[in-house]
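Single-structure report; data block below.
Residue numbers (the numbering used here): -11 to 121.
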């Protein structure tokens, strides 16, 4: 098939990507993220995540025994061990979502959630630093 045939086929087919989940969008962008169906404006529903999705790290501070194994295996140094508290701090802006910290934790104090909307201009935003509090 020549290039014009491919272009025509692509022009009249539906997109292969999902719509952005408008549930998480700021109010100022709702107009751009809404769809008009039968005269009604409907927001695009959030995208369901697959099983075993590796999203934001969850930390159970009470379960943590302070061994520091997670900070030693983290390839991006996203986990800071706090020796005075024997606890950790996870900087999600550095995390590569490999889940090695979750695998190595002997008491399962770390887990991966299905939260994936982590974009921001401030890499030290409160929701990007996980302390378990």
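Where is the CB? At the ideal position from N, CA and C, for every residue including glycine.
In the DSSP annotation of this structure, the continuous segment of the beta strand (DSSP E) that includes residue 76 starts and ends at 75 to 79. Under DSSP, residue 118 takes part in a beta bridge, and its partners are 78. The residues 54, in chain order, have a CB closer than 6 Å to that of residue 74 in the same chain once the five nearest residues on each side in sequence are set aside. In the three-state reduction of the DSSP assignment, residue 69 falls in the strand class, which pools E and B.
Look at residue -6 here: in three-state DSSP terms it is helix.
Where residue 106 is concerned, there is no enclosing alpha helix (DSSP H), because DSSP gives it neither an H nor an E. Look at the beta carbons and you see the segment 104 to 111 not touching the segment 86 to 95: under three pairs across the two are nearer than 8 Å. Beta-bridge partners of residue 37 (DSSP): none assigned. Just so you know, the alpha carbons of residue 49 and residue 62 end up roughly 18 Å apart. For residue 99 and residue -6, the gap between their C-alpha atoms comes out near 44 Å. Taking residue 116 as reference, the option from -8, 2, 1 and 47 with the minimal CA-CA separation is 47. The straight-line gap separating the alpha-carbon atoms of residue 66 and residue 3 is approximately 36 Å.
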